[in-house]
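J.: Numbering (our numbering), first residue to last: 6 to 1234.
In this text, a Cβ means the ideal position worked out from N, Cα and C, and glycines have one as well.
Below is the structure I would like to discuss, written out as structure tokens.
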């Protein structure tokens, strides 16, 4: 119990925040140090000692296994941080089934829970790109556990950076027996008789015929464009191509092709058996670790342990195993790997050839990733599955091999059209859901991964979407029709209700109805009524008797005014109109939007006028309804309308419920369907880039991929082949080409934003020095020089830290401005950190100073009010940054201006000098010594002769005590000894060029040596100009003349070759266009030109000279203008400081000076105003301005010294990248 209590106490101490933070920092440093050396590619763990640990600590056995799983998670994180590619753990042995049923069931349940946690809910595997593989006899696993295993494998299938092999249940003897059975079954299967791509029999016949012909004919040099063909023997874990040996095919196979043939048993090797092991495709085992102090393998990885595998048996239980146990093992392994002696005689061991493939040099951010041009040969049956697998990896960029074929004539155009139709149907479902207000189930692409569907599943989805579209469209049409009918009935009801009042007013105002077209018209509307008077009141007579018609209906409210004007102008006022508003808001069923309408009744005389009114009403979108002027009939109509509305409402509710149910069901899977269809469409669009070999029924592709990704791509191809059960492998050949590879810069979440800054200016040339690496430091630092304020930098740091802390939830925010800030959160973080640092240097926090240390200045003790007081410098110096006594001094601005101006020149000189040095590294990389001697060296001498000397004078002036302290008792009005006036550096630099030899005020000494040095530097700088102008063009001309003298010609030039020389095989390998000339006896030969236009252009001395003249003029002038451009650092820093000071004095300072109860209110208001303006103006606006200026200094001043920027960006076929950039998918995720 004492040890248990000590462990609990130790755990409590280690879990405290300060200790935990310190331990994490130390652990990261240790892991980073170990990672600098060689790292194992494959580590296996025997997790032994869980039960004994539980017994020793008096806890349940299941709890011991639970702690063992926690220890596994920690070790996995350490291994993945180190860069281990494959980790194999012995989770459950077949022999463990002999234990008690209670323990076995507890282990199974624990394994199920932990497997679900680590694969679905944990971030470990997704963060490091690790996929799970279950190795062992699956038929021994319980069905629920087997389902959990399959789910874990499926969830992590898209991860391709690392592998976690879980042996469950497993023994090595069972694995070897399974591999032998698979090998025997493969050898017992006859080879297929129909012609297949890359038939071994045809290759063997071809090789034998070549061998026979080569014995009787003289040797001939092979064609330089020969392509390897796959053979029968293939070690899939090492290479993707192999050569077929003719001896492996028997004579009967060749003589009688109709008889079934079998693979030759003599072709079985260790590699053949290894290809059928559970660990096929994994690198060899480097390190096997077993805990609990037991020194045996326990039937684990017997085949995989080879002569270079190191076994380590540790005397600790697995739940106790941690970095402190793991670290000595790793260091010992690195030592043995690096300095271990070979058995035969002391030679240093080298890693097997396999590691040259599986563990190439690690890519860095300093240069672009090494790229390889590859050719893929894929069987047509698995072409779609292969492209799907490569899209999940996202590390390959296909070239279009059908560029001359139109989009409508390509192979998979029909499939793409079908998928376009399915995509249209899914968009239709989405629009209907938005219209109905049904929420969509979002898909989190960072957590949820969708397995590639089969062709039958895509067909099923297409058929289902077709049927769903028909059903939804039918329900929607029915609903819209019923809804439209309901709206019509509601409008009719309102017309019937309002019409009664209209008719009453019409009967009571007969005189208002009497109107004429004009004054000369002697035929009023009611002329017949007046000529035939009847008994009773005229207002009670029927309108039909008076020959007056009417039109009734509803019209949108916004069109009423236009409706009245048109009627008045058309009928010249010969009408009587009544209208009223419908208080109820109506819903337009076509777009589900609310509409306000008015009821109207128009009375007029004559059928023609009534017809005109009807046409005008319909043209303005009015709906007309029949109304009877009899009140009893109107009452019956209203009752009928209400009855029909009641019946229609129940039908509408049922239709709406059915439609909503269908859309709700679709909403659960719509996001996944959209993603699947977009992936499938991208697959077929990529397949259209491939070439199809009809003879071999094979798809041929050419693509660029990172060289380090080749093993991963080969493993993916092998995995697809194994799942499809094809005997002929997919082939990937790395080919040589003179084409310029695309540029891919390795980035992570931290460096991605900085690299985007560089990519916005231009893409680096392949293997050119990447400016993004130094930009990680220089960009935020130059920003901070302009923005330097501890308080403002802290605000920016907190904002960036918050976005980083809540990174995942904030990723889903779709606001455009916030998205820009979120994407640059790490840039903001660095800018905030550097701004706090420069704020400490400037001793500036919200325009206030901090008295962190004692000042180096002291004020006199006795002075009168209003006197000018001069501070006295003491013997001590302020240890860090700017002395706080300068703040508030009368000459503070003069001092700060001089200090920051010179500091800006120093920063610019450092920035441009190292940028110029990068051009030297590029020249070395591209093996161009003339760029070193003709551009870099004279350019560096020119720049340093002028501005390097200026920087020297600044530092020298800062280091010199121009005003030494006067001795005690020295008169104030007398200058002390050794007192000198400092020279003006700007005047010195002007005199240095315009009046060489003139020294206004000497900087050092009496000016004699200064004059000699300055004259020498001027002459040295002037000499570099002709070197920059002429050295490189003259050298290139000499080099071209030397090549032509040796018989070389430029691309596309014609060369004269004698016909008497005979045509050997070398000349036959080129394409030629020959023109016979009998008189001269020669042939004019034109060499074939690369169609891609990537060959070298013909040398033109004039063009080279013009280019060099432009380069020289730009470089010399830019040295001056770019150095002056860095003065913006001083200007913006001064502006930021002064603006902050004004804001403080105008807001918070007044609040602090206020007194009384009102002073509290003023202080609160002043504080909030000051804080709001500080964030909006000083942090956001000033920060944006400083960032843009820092961006300009990098793009123009620094990158112009070395950056070529004529590269081609690497655009891989990647599902992840495609979905992240698709705006439509963002709505579903």
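Nearest-angstrom Cα distance between residue 616 and residue 422?
T.: Rounded to whole angstroms, residue 616 to residue 422 spans 50 Å at the Cα level.
J.: Could you compute how far the alpha carbon of residue 33 sits from the alpha carbon of residue 1116?
T.: Answer to the nearest angstrom: the Cα atoms are 47 Å apart.
J.: With 8 Å set as the bound, which would you pick, yes or no: does the beta-carbon of residue 61 sit closer than that to a beta-carbon of chain C?
T.: No chain C is part of this structure, which consists of one protein chain only.
J.: Can you tell me the Cβ-Cβ gap for residue 438 and residue 747, rounded? I've got them flagged as a contact below 8 Å.
T.: Residue 438 to residue 747, Cβ: 41 Å. No contact.
J.: Is it the case that the Cβ atoms of residue 939 and residue 1037 are separated by a distance below 8 Å?
T.: In this structure, residue 1037 lies closer than 8 Å to residue 939 by Cβ.
J.: Please tell me whether residue 706 and residue 455 are closer than 8 Å, where the distance is taken between their beta carbons.
T.: No, the pair does not count as a contact, with Cβ atoms beyond the cut-off.
J.: Give every residue of the same chain whose Cβ lies closer than 6 Å to the Cβ of residue 646, excluding the five residues on either side of it in the sequence, and list them in chain order.
T.: Excluding positions up to five away in sequence, the list reads 494, 497 and 498.
J.: Assess, as a yes-or-no matter, whether the segment 883-903 is touched by the segment 839-851 under the definition of 3 or more beta carbon pairs within less than 8 Å.
T.: Segments in contact, yes.
J.: Under 8 Å between the Cβ atoms of residue 395 and residue 387?
T.: No, the pair does not count as a contact, with Cβ atoms beyond the cut-off.
J.: In this structure, how does DSSP classify residue 807 when only helix, strand and coil are distinguished?
T.: Of the three classes helix, strand and coil, the one that applies to residue 807 here is helix, per DSSP.
J.: What's the C-alpha gap between residue 1219 and residue 715?
T.: Cα to Cα, residue 1219 sits roughly 16 Å from residue 715.
J.: Starting from residue 400, trace the beta strand (DSSP E) in both directions and tell me its first and last residue.
T.: Residue 400 -> no beta strand (DSSP E), and no H or E assigned at all.
J.: Within the same chain, show all residues whose beta-carbon is closer than 8 Å to that of residue 735, passing over the 5 residues directly before and after it, in chain order.
T.: Cβ within range, chain order: 245, 381, 382, 383, 384, 387, 391, 722, 723, 725 and 726.
J.: What number of angstroms, rounded off, separates the C-alpha of residue 985 from the C-alpha of residue 1136?
T.: Their backbone Cα atoms lie some 29 Å apart in a straight line.
J.: Would you grab the beta carbon distance between residue 430 and residue 459 for me? Rounded to a whole angstrom, and I think it's under 8 Å.
T.: So it is not a contact: roughly 20 Å between Cβ atoms.
J.: Would you list the one or two residues that DSSP bridges to residue 370?
T.: Note: residue 370 sits in no beta bridge, so no partner.
J.: Taking the alpha helix (DSSP H) that residue 1133 belongs to, which residues open and close that run?
T.: That run of the alpha helix (DSSP H) goes 1133-1151.
J.: Pairing CB atoms from the segment 948-956 with CB atoms from the segment 798-813, are three or more of them under 8 Å?
T.: Not touching, per the Cβ criterion.
J.: Once you ignore the five residues that flank residue 142 on each side, which residues in its own chain have a CB closer than 7 Å to its CB?
T.: Answer for residue 142: 99, 174 and 179, listed in chain order.
J.: Should residue 150 and residue 117 be called a contact, given that it needs their Cβ atoms to be closer than 8 Å?
T.: Yes, these two residues count as a Cβ contact at 8 Å.
J.: Could you give the residue range of the alpha helix (DSSP H) that holds residue 279?
T.: Unbroken alpha helix (DSSP H) run through residue 279: 275-279.
J.: What would DSSP say about residue 709, mapped onto helix, strand or coil?
T.: Of the three classes helix, strand and coil, the one that applies to residue 709 here is strand, per DSSP.
J.: For residue 732, is the classification buried or exposed, using 16 other Cβ atoms within 10 angstroms of its Cβ as the cut-off for buried?
T.: It is exposed - the Cβ of residue 732 has fewer than 16 other Cβ atoms within 10 Å.
J.: Looking only at its own chain, which residues have a Cβ that is under 8 Å from the Cβ of residue 653, when we skip the five neighbours before and after it?
T.: Contacts found: 487, 490, 491 and 494.
J.: Based on the DSSP output, what are the partners of residue 95 in its beta bridges?
T.: Beta-bridge pairing links residue 95 to 51 and 172.
J.: Just to confirm my understanding: we take residue 40, look at its own chain, exclude 5 residues before and 5 after, and list those with CB closer than 7 Å. What are they?
T.: Correct list, in chain order: 87 and 88.
J.: Report yes if the C-beta distance between residue 500 and residue 434 is below 8 Å; otherwise report no.
T.: Going by C-beta atoms, residue 500 is not nearer than 8 Å to residue 434.
J.: Below 8 Å, how does it come out for the segment 748-757 and the segment 1179-1186: are there three or more Cβ pairs, yes or no?
T.: Counting Cβ pairs under 8 Å, fewer than three are found: no touch.
J.: Starting from the C-beta of residue 337, find all residues in its chain whose C-beta is less than 6 Å away, skip the five residues before and the five after it, and write them out in chain order.
T.: Here the set comprises nothing.
J.: Report yes if the CB atom of residue 480 is closer than 8 Å to the CB atom of residue 660, and no otherwise.
T.: Yes, these two residues count as a Cβ contact at 8 Å.
J.: Measuring CA to CA, which of 155, 172 and 159 is closest to residue 140?
T.: That would be 172, whose Cα lies nearest to the Cα of residue 140.
J.: Alpha carbons only, please: which of 1035, 1216, 995 and 28 is nearest the one belonging to residue 1020?
T.: Minimum Cα distance to residue 1020 is reached at 995.
J.: If the criterion is Cβ atoms closer than 8 Å, does the pair residue 585 and residue 503 meet it?
T.: Yes, they are a contact pair.
J.: Could you check whether residue 561 and residue 485 sit closer than 8 Å to each other, using their CB atoms as the reference points?
T.: It is not a contact, given that the beta carbons lie outside the stated cut-off.
J.: When the Cα atoms are used, what is the spatial distance from residue 114 to residue 66?
T.: Spanning the two alpha carbons is a distance of roughly 13 Å.
J.: Does the count of Cβ pairs from the segment 1185-1195 and the segment 786-794 closer than 8 Å reach three?
T.: Yes, they touch.
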